[in-house]
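Asks: Using my numbering, the letters of the sequence shown correspond one by one to residues 327 to 541.
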Amino acid sequence: MRIFAVTYTYNDAALLDALLAELARWSVRPHALLAVDDASASPYVFPSKAESALAGLELNVLRLAANAGPVGAKRAGMDAAAASGAEVILSLDADIRPQRDWLARALPYLADPGIGLVGARFAPGPGEDSLSRYLRAFFTPPPLDEETPFLGAGLWLIRRDTWLSVGGFGDFNEKTHEDLYFCLKLHAAKLRMLAVNSKPVCQARVLRRLDYLRR
């Protein structure tokens with residue numbers, strides 16, 4: 327089973343570099359990884375240390391000519407992953423940090439044809455400000471795998487044929503909430519979603535209060 331991973335960067339190369347360092351230690355790794363550079367001020371280049379640690383993976387950068395925003399970057403990345411012919415697509419944001427065995431735990435669930443999407447609920451980041459402490463206290467997910475009506479697009483594991491059969495992001499043209507749109511499409515197709523929380527996933531980016539309120 328070939329796994330194609332796609333991630334995204336926009337002026338946050340340090341977060342992506344840190345993700346690659348973590349990925350090198352995963353117990354199961356994808357066969358290829360595409361970094362979608364959403365027209366960052368400085369074009370993203372894989373650091374030599376990452377290329378060495380990820381030897382054996384196909385590493386490529388897709389640089390968009392103009393900033394397309396999170397939805398446009400994800401559309402470009404997911405469509406490129408589907409076009410690769412790989413059976414499984416792993417999409418993850420640069421600030422998402424799955425535990426090293428998360429993919430090994432999550433993959434078998436895709437063998438169930440009734441499961442359309444596998445993801446996770448994210449544990450808040452490591453910041454020590456009052457918002458970070460509050461989020462950790464009240465929004466840390468329980469350590470168990472559970473069916474859920476919604477999965478945020480920060481981490482998705484999906485069969486290629488599922489992405490194609492429901493039409494991907496189709497004609498969605500809004501700037502946000504592509505994950506809600508896609509989850510509703512899965513509901514319409516009578517496909518279930520599963521959050522794999524027994525192998526924790528953290529969000530490394532520390533949110534500012536204003537950003538959190540906007541979300």
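We put the CB at the ideal spot given by N, CA and C, even for glycine.
All of these numbers come straight from a predicted model, not from anything done at the bench.
#1: Taking 8 Å as the threshold, find out whether the segment 504-512 comes into contact with the segment 426-436 through three or more Cβ pairs.
#2: Within 10 angstroms of the Cβ of residue 488, are there 16 or more other Cβ atoms? Answer buried if so, exposed if not.
#3: Short check: CB of residue 346 to CB of residue 376, under 9 Å?
#4: Here's a check: name, in chain order, each residue in its chain whose Cβ is nearer than 6 Å to the Cβ of residue 331, leaving out the five neighbours to either side.
#5: Would you kindly report the start and end of the unbroken beta strand (DSSP E) that includes residue 519?
#6: Alpha carbon to alpha carbon, how far is residue 390 from residue 403?
#7: Looking only at C-alpha atoms, which of 469, 369, 499 sits nearest to residue 524?
#8: What's the C-alpha gap between residue 365 and residue 392?
#9: For residue 378, which of helix, strand or coil comes out of DSSP?
#10: Between 383, 405, 423, 527, which has its C-alpha nearest residue 467's C-alpha?
#11: Does the separation of the CB atoms of residue 500 and residue 479 fall below 9 Å?
#12: Of all the alpha helix (DSSP H) runs that stay within the bounds of the segment 348-434, which reach a length of 4 or more residues?
#13: Below 8 Å on the Cβ atoms is my guess for residue 388 versus residue 444; work out the distance and round it to an integer in Å.
#14: Restricting to Cα atoms, I'd like to know which of 371, 515, 529, 329 is closest to residue 409.
#15: Return the residue from the list 516, 327, 350, 361 that minimises the CA-CA distance to residue 441.
#16: Entirely within the segment 476-510 and at least 4 residues each: give me those alpha helix (DSSP H) ranges in chain order.
#17: Near residue 341, which residues of its chain fall below 7 Å by C-beta distance, leaving aside the five closest residues on each side in sequence?
#18: For the beta strand (DSSP E) containing residue 335, list its first residue and its last residue.
#19: When the distance is taken between beta carbons, is residue 486 closer than 9 Å to residue 384?
#20: Identify the residues that DSSP records as bridge partners of residue 471: which are they?
#21: Assuming residue 373 and residue 343 make a contact with CB atoms under 8 Å, what is their CB distance in whole Å?
#22: Whole-angstrom Cβ separation of residue 348 and residue 423, contact assumed at under 8 Å?
Replies: Quick look at the numbers:
#1: Three or more beta-carbon pairs separated by less than 8 Å are not found between the segment 504-512 and the segment 426-436, which leaves the two stretches without contact.
#2: Label assigned to residue 488: buried.
#3: Cβ atoms of residue 346 and residue 376: closer than 9 Å.
#4: Within the same chain, residue 331 has close Cβ partners 356, 359, 416.
#5: Segment 518-522, the beta strand (DSSP E) holding residue 519.
#6: Looking at the two C-alpha atoms, the distance is approximately 10 Å.
#7: Here the closest residue by C-alpha is 469.
#8: The C-alpha of residue 392 is placed about 5 Å away from the C-alpha of residue 365.
#9: Of the three classes helix, strand and coil, the one that applies to residue 378 here is helix, per DSSP.
#10: Closest in alpha carbon position to residue 467, among 383, 405, 423, 527, is 527.
#11: Using a Cβ distance threshold of 9 Å, residue 500 and residue 479 do not count as a contacting pair.
#12: Taking only runs of at least 4 residues, the alpha helix (DSSP H) segments lying wholly in the segment 348-434 are 374-379, 395-409, 428-432.
#13: A Cβ-Cβ separation of about 24 Å leaves residue 388 out of contact with residue 444 under the 8 Å criterion.
#14: Out of 371, 515, 529, 329, the CA that lies nearest to the CA of residue 409 is found in 329.
#15: Minimum Cα distance to residue 441 is reached at 516.
#16: Fully enclosed alpha helix (DSSP H) runs of 4 or longer: 486-491.
#17: Closer than 7 Å at Cβ, skipping near neighbours: 420, 421, 530, 531.
#18: For residue 335, the enclosing beta strand (DSSP E) begins and ends at 329-335.
#19: Cβ distance not < 9 Å, so residue 384 and residue 486 don't count as in contact.
#20: Looking at the DSSP output, residue 471 bridges to 522.
#21: Yes, they are in contact, since the Cβ atoms of residue 373 and residue 343 sit about 6 Å apart, within 8 Å.
#22: The Cβ separation is near 6 Å, so the contact holds.
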